[in-house]
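Here's the structure we're looking at; comments come further down.
There are 2 protein chains.
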Amino acid sequence: MTLPTINDVRVAAGRIKGIAVRTPLLRNDALDEATGAKVWVKAECLQRGGAFKMRGATNAIAALAPELRKRGVLAFSSGNHAIAVSTAAKLFGISAVIVMPADAPKIKLDTTRANGAEVVTYDRVKESREAIGAKLAGERGLSLIKPFDDPNVIAGQGTAGLEIGEEISPDIVFVPASGGGLASGVSLALPNARIIACEPAGHDDIARSFASGKRERNAPGIRSICDGLLTEEMGDITYEIAKARFERVVVMPDDATRRAMKFAFLRLKIVLEPSGALPLASLLEGGVDVKGKTVAVVASGGNVDAETFISALNS
Amino acid sequence: MTLPTINDVRVAAGRIKGIAVRTPLLRNDALDEATGAKVWVKAECLQRGGAFKMRGATNAIAALAPELRKRGVLAFSSGNHAIAVSTAAKLFGISAVIVMPADAPKIKLDTTRANGAEVVTYDRVKESREAIGAKLAGERGLSLIKPFDDPNVIAGQGTAGLEIGEEISPDIVFVPASGGGLASGVSLALPNARIIACEPAGHDDIARSFASGKRERNAPGIRSICDGLLTEEMGDITYEIAKARFERVVVMPDDATRRAMKFAFLRLKIVLEPSGALPLASLLEGGVDVKGKTVAVVASGGNVDAETFISALNS
Numbered sequence: 002m003t004l005p006t007i008n009d010v011r012v013a014a015g016r017i018k019g020i021a022v023r024t025p026l027l028r029n030d031a032l033d034e035a036t037g038a039k040v041w042v043k044a045e046c047l048q049r050g051g052a053f054k055m056r057g058a059t060n061a062i063a064a065l066a067p068e069l070r071k072r073g074v075l076a077f078s079s080g081n082h083a084i085a086v087s088t089a090a091k092l093f094g095i096s097a098v099i100v101m102p103a104d105a106p107k108i109k110l111d112t113t114r115a116n117g118a119e120v121v122t123y124d125r126v127k128e129s130r131e132a133i134g135a136k137l138a139g140e141r142g143l144s145l146i147k148p149f150d151d152p153n154v155i156a157g158q159g160t161a162g163l164e165i166g167e168e169i170s171p172d173i174v175f176v177p178a179s180g181g182g183l184a185s186g187v188s189l190a191l192p193n194a195r196i197i198a199c200e201p202a203g204h205d206d207i208a209r210s211f212a213s214g215k216r217e218r219n220a221p222g223i224r225s226i227c228d229g230l231l232t233e234e235m236g237d238i239t240y241e242i243a244k245a246r247f248e249r250v251v252v253m254p255d256d257a258t259r260r261a262m263k264f265a266f267l268r269l270k271i272v273l274e275p276s277g278a279l280p281l282a283s284l285l286e287g288g289v290d291v292k293g294k295t296v297a298v299v300a301s302g303g304n305v306d307a308e309t310f311i312s313a314l315n316s
Numbered sequence: 002m003t004l005p006t007i008n009d010v011r012v013a014a015g016r017i018k019g020i021a022v023r024t025p026l027l028r029n030d031a032l033d034e035a036t037g038a039k040v041w042v043k044a045e046c047l048q049r050g051g052a053f054k055m056r057g058a059t060n061a062i063a064a065l066a067p068e069l070r071k072r073g074v075l076a077f078s079s080g081n082h083a084i085a086v087s088t089a090a091k092l093f094g095i096s097a098v099i100v101m102p103a104d105a106p107k108i109k110l111d112t113t114r115a116n117g118a119e120v121v122t123y124d125r126v127k128e129s130r131e132a133i134g135a136k137l138a139g140e141r142g143l144s145l146i147k148p149f150d151d152p153n154v155i156a157g158q159g160t161a162g163l164e165i166g167e168e169i170s171p172d173i174v175f176v177p178a179s180g181g182g183l184a185s186g187v188s189l190a191l192p193n194a195r196i197i198a199c200e201p202a203g204h205d206d207i208a209r210s211f212a213s214g215k216r217e218r219n220a221p222g223i224r225s226i227c228d229g230l231l232t233e234e235m236g237d238i239t240y241e242i243a244k245a246r247f248e249r250v251v252v253m254p255d256d257a258t259r260r261a262m263k264f265a266f267l268r269l270k271i272v273l274e275p276s277g278a279l280p281l282a283s284l285l286e287g288g289v290d291v292k293g294k295t296v297a298v299v300a301s302g303g304n305v306d307a308e309t310f311i312s313a314l315n316s
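Rendered as structure tokens:
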């Protein structure tokens, strides 16, 4: 297994330029006062498509050999990865087939279709998305764009970290982790920073993996409002990088995440989805000593429906 | 009367550097698709203090002679100007007295006090804030920082336009107008852009002034959710600039503003207060032909309470 390096992240940065946007790194007085640190928020909610996923999808498609790329791409996703791959495919002028569960959020199905992708739905309980995908890929010569366990996807997500490092030299970075594409990519891009991986309670496989020394899985069926962080387990590549680079894992309950969404609303004036607010919750309530440090928080996305957002504002 | 010029805006930009932040100019695919234009949103909700007012307050305080400045400043305000002046004064290490109505929003009273300002409250009905302010200013030698009708305040607000012009060359700019400090400053900074001033229904004094050819006032007591745009009339300076530079005035009802707040939530992932969303409402529903144009929208602030925001999300 070849692990991606910071050089792959640098190559990715060149490839995604003009497609993914360079998101702002926000400063906020209230956040500094609340933590005693100098805090910068990488606002990936302001990324094209509303989440960091555009970075990896764009890099993975750009990295395909032209003759393969023109045949089109395939992805499995119920959420932001579907939107990211379909958006990137549209910008490259190629076709995309996205295999999505029939019960995926309607807004995500609609957005993916609006991007011109062919959406193939399946029944989560009765059908295998892998079998559907393999059949389609074989028939049409489509290239699979994995959601996280791929060197080009990891390097693409890492460009968020590279951009942070071009503006500041963080001592500590809070970043959400589930499949681990973003957190591992950012850790490669910022080799001198202490990486705090953030997980929602009930999906704390990385914390348990660090405790047991072997890769753990999440039990099926446990819910969290952090709908972007419900992967069953890390990938082979992301787990290797995590072991080498994550200093620790902070596990936060949903109510802390809701309070962080509200803080972002009241103080930062940005809309964060639960998964995007989890690192902020981890900074504010996770018990990590950050006093006097330069801290970066990766606010990974803002794709949240009004109902969930209102429940956070009322919390 | 000497009107400020683009050179004053350039001087202001140098003075506010490192105090007010350079806010991002956001791009969004959905906004382009909805309008047929290439739209950029100047996200002043991400400004220090959550609104553009920091720019003018900082420039006005920086412009004071040092021996005057050290005696402290005075402002009248029930809202964002109070927060801006108190924040800027704190950063300059000088004292600030803010005369605020006793029934001002508690969060704004608290924030102003938390910035270290001395808050003097008065009864809107029974007392004159001008008399209270004049007495305090005379006794202590405080300099009054006006909310809009001051060349340094106008030049300071104009730095938002200067930053837009450093990144794009907009054909059309949508900007909120009430006292007119921001809109007139931005118009000075972008001399080649068509300026569309945006007003809330019920407070359409500028539209009526343009129709009648003389400066009109708003009737007292008419409410709008755009609480940052309820000034009785324009100032002498801002009205002169408006006559020369505003191409037209768009007047929007509150329900269109609520829909724009919701659009900003769903698509832009930023929190806008009603006054900050009004220019977006004017772009989306104001009937201005923008097809094929490069458009800038000044989203002036994000200081909104949860209740008002929820009412917009439910609209």
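Quick note, the sequences are listed as chains X and Y, same order. Position one of the first sequence corresponds to residue 2 (this note's numbering), numbered consecutively onward. Position one of the second sequence corresponds to residue 2 (this note's numbering), numbered consecutively onward. Backbone N, C-alpha and C define an ideal beta-carbon position, used for all residues, glycine too. Since this is a predicted model, take the numbers as computed values, not measurements.
| task | Under 8 Å by Cβ, that's how I've got Lys-43 of chain X and Val-299 of chain X pegged, so tell me the actual separation to the nearest angstrom. | result | As a first step, residue 43 of chain X must be located in the first sequence, where it is residue number 42. As a first step, residue 299 of chain X must be located in the first sequence, where it is residue number 298. Rounded, the Cβ-Cβ distance is 5 Å, consistent with contact.
| task | Measure the alpha-carbon distance for Ala-307 of chain Y versus Trp-41 of chain Y and round it to whole angstroms. | result | The residue you call residue 307 of chain Y lines up with position 306 of the second sequence. The residue you call residue 41 of chain Y lines up with position 40 of the second sequence. Cα to Cα, Ala-307 of chain Y sits roughly 26 Å from Trp-41 of chain Y.
| message | Across the stretch 225-234 of chain Y and the stretch 272-280 of chain Y, are there enough close Cβ pairs to call them in contact, namely three or more that are closer than 8 Å? | response | yes
| field | Lys-43 of chain Y, enclosing beta strand (DSSP E) - first and last residue | value | Walking along the second sequence from the start, residue 43 of chain Y turns up at place 42. Counting along the chain, the beta strand (DSSP E) containing Lys-43 of chain Y begins and ends at 39-44.
| request: Under the assumption that Asn-304 of chain X contacts Gly-157 of chain X (Cβ atoms under 8 Å), give the Cβ distance between them as a whole number of angstroms. | output: For the purposes of this step, residue 304 of chain X is taken as the residue at position 303 of the first sequence. For the purposes of this step, residue 157 of chain X is taken as the residue at position 156 of the first sequence. Contact flag wrong, Cβ pair sits at about 18 Å.
| said: My output table needs one value for Gly-302 of chain Y: the three-state DSSP class, helix, strand or coil. | reply: Looking up residue 302 of chain Y in the second sequence gives position 301. In the structure shown, Gly-302 of chain Y sits in a strand (DSSP, three-state: E or B).
| Rounded separation between Ala-243 of chain X and Gly-287 of chain X - CA only | Numbered from its first residue, the first sequence carries residue 243 of chain X at position 242. Numbered from its first residue, the first sequence carries residue 287 of chain X at position 286. Answer to the nearest angstrom: the Cα atoms are 19 Å apart.
| query | In three-state DSSP terms, what is Val-187 of chain X? | reply | Taking the first sequence and counting its residues from 1, one reaches residue 187 of chain X at position 186. It is helical.
| request: Taking only runs that begin and end inside the stretch 104-134 of chain Y, name each unbroken alpha helix (DSSP H) of 4 or more residues, in chain order. | output: Runs of the alpha helix (DSSP H) lying entirely within the stretch 104-134 of chain Y, each at least 4 residues long, are 107-115 in chain order.
| Contact under 8 Å by Cβ, Pro-102 of chain X with Thr-88 of chain X | If you number the first sequence from 1, residue 102 of chain X lands on position 101. If you number the first sequence from 1, residue 88 of chain X lands on position 87. Contact flag unset, no.
| What three-state label does DSSP hand Met-235 of chain X in the structure shown? | Taking the first residue of the first sequence as position 1, residue 235 of chain X is located at position 234. Met-235 of chain X: coil per DSSP, three-state reduction.
| Which of the three DSSP states, helix, strand or coil, is assigned to Thr-295 of chain Y? | Here residue 295 of chain Y is taken as the residue at index 294 of the second sequence, counted from 1. Strand.
| Going along chain Y in order, which residues have a C-beta closer than 7 Å to the C-beta of Val-272 of chain X? | Against the first sequence, residue 272 of chain X aligns to sequence position 271. Result: Phe-266, Lys-270, Ile-271, Val-272.
| task | Kindly list, in the order they appear in chain X, the residues whose Cβ is closer than 8 Å to that of Gly-303 of chain Y. | result | Counted from its first residue, the second sequence places residue 303 of chain Y at position 302. Going along chain X in sequence order, the residues near Gly-303 of chain Y (Cβ under 8 Å) are Lys-270.
| Three or more beta-carbon pairs under 8 Å between the stretch 76-93 of chain X and the stretch 45-62 of chain X, yes or no? | yes
| message | In the DSSP assignment, the alpha helix (DSSP H) including Arg-16 of chain Y goes from what residue to what residue? | response | On the second sequence, position 15 is the one that residue 16 of chain Y refers to. Counting along the chain, the alpha helix (DSSP H) containing Arg-16 of chain Y begins and ends at 7-17.
| message | Between the alpha carbons of Leu-69 of chain X and Ala-138 of chain X, how many angstroms are there, rounded? | response | Numbered from its first residue, the first sequence carries residue 69 of chain X at position 68. Numbered from its first residue, the first sequence carries residue 138 of chain X at position 137. In a straight line, the C-alpha of Leu-69 of chain X is about 12 Å away from that of Ala-138 of chain X.
| Span of the alpha helix (DSSP H) around Met-55 of chain X | Here residue 55 of chain X refers to the residue found at position 54 when the first sequence is read from its first residue. DSSP places Met-55 of chain X in the uninterrupted alpha helix (DSSP H) bounded by 54-64.
| request: Give the DSSP-derived three-state secondary structure of Ile-20 of chain Y in the structure shown. | output: Taking the first residue of the second sequence as 1, we reach residue 20 of chain Y at position 19. Of the three classes helix, strand and coil, the one that applies to Ile-20 of chain Y here is coil, per DSSP.
| field | Neighbour-count burial assignment, Met-235 of chain X, 16 or more Cβ in a 10 Å radius | value | The residue given as residue 235 of chain X occupies position 234 in the first sequence. Result: buried.
| field | Bridge-paired residues (DSSP) for Phe-77 of chain X | value | Start at 1 with the first residue of the first sequence, and residue 77 of chain X comes out as number 76. DSSP output for Phe-77 of chain X lists X:Val-100 as bridge partner(s).
| First through last residue of the beta strand (DSSP E) which encompasses Ile-95 of chain X | Taking the first sequence and counting its residues from 1, one reaches residue 95 of chain X at position 94. Per DSSP, Ile-95 of chain X belongs to no beta strand (DSSP E) and is neither H nor E.
| Whole-angstrom Cβ separation of Ile-271 of chain X and Ile-17 of chain Y, contact assumed at under 8 Å? | Sequence index remark: in the first sequence, residue 271 of chain X carries index 270 (1-based). Sequence index remark: in the second sequence, residue 17 of chain Y carries index 16 (1-based). Incorrect: roughly 22 Å between the Cβ atoms, too far for contact.
| Reduced DSSP category for Glu-286 of chain Y - H, G, I as helix; E, B as strand; rest coil | Against the second sequence, residue 286 of chain Y aligns to sequence position 285. Helix.
| message | Taking DSSP's pairing of strands, which residues face Ile-196 of chain Y in a bridge? | response | Taking the second sequence and counting its residues from 1, one reaches residue 196 of chain Y at position 195. According to DSSP, which records beta bridges pairwise, Ile-196 of chain Y is partnered with Y:Val-174, Y:Phe-247.
| In the DSSP assignment, what residue or residues form a beta bridge with Ile-271 of chain Y? | In the second sequence, the residue the question calls residue 271 of chain Y occupies position 270. Per DSSP, X:Ile-271.
| From Y:Pro-221, Y:Thr-160, Y:Arg-195, Y:Val-296, residue whose alpha carbon lies closest to that of Val-22 of chain Y | If you number the second sequence from 1, residue 22 of chain Y lands on position 21. Val-22 of chain Y has its Cα closest to that of Y:Thr-160, out of Y:Pro-221, Y:Thr-160, Y:Arg-195, Y:Val-296.
| Separation of Ile-20 of chain Y from Gly-142 of chain Y, as counted between CA atoms | Indexing the second sequence from 1 puts residue 142 of chain Y at position 141. Indexing the second sequence from 1 puts residue 20 of chain Y at position 19. Roughly 25 Å between the two C-alpha positions.
| said: For Glu-233 of chain Y and Pro-192 of chain Y, I'd like the C-alpha separation in whole angstroms. | reply: Numbered from 1 along the second sequence, position 232 holds the residue referred to as residue 233 of chain Y. Numbered from 1 along the second sequence, position 191 holds the residue referred to as residue 192 of chain Y. Each residue's Cα considered, the two are about 27 Å apart.
| field | For Val-252 of chain X: DSSP bridge partner residues | value | Taking the first sequence and counting its residues from 1, one reaches residue 252 of chain X at position 251. Per DSSP, X:Glu-200.
| task | Please look up how many angstroms separate the CB atoms of Leu-163 of chain X and Arg-11 of chain X, rounded, as I've assumed it's under 8 Å. | result | Mapped onto the first sequence, residue 163 of chain X falls at position 162. Mapped onto the first sequence, residue 11 of chain X falls at position 10. With 8 Å as the limit, Leu-163 of chain X and Arg-11 of chain X qualify as a contact, their Cβ atoms being about 7 Å apart.
| task | Measure the C-alpha to C-alpha separation of Ile-169 of chain Y and Gly-302 of chain Y and round it to an integer number of angstroms. | result | On the second sequence, residue 169 of chain Y is found 168 positions in, with the first residue counted as 1. On the second sequence, residue 302 of chain Y is found 301 positions in, with the first residue counted as 1. Roughly 21 Å separates the two Cα atoms.
| Would you say Gly-51 of chain X reaches chain Y, if we count a Cβ-Cβ gap shorter than 8 Å as a contact? | In the first sequence, residue 51 of chain X corresponds to position 50, counting from 1. Cβ-Cβ to chain Y under 8 Å: yes for Gly-51 of chain X.
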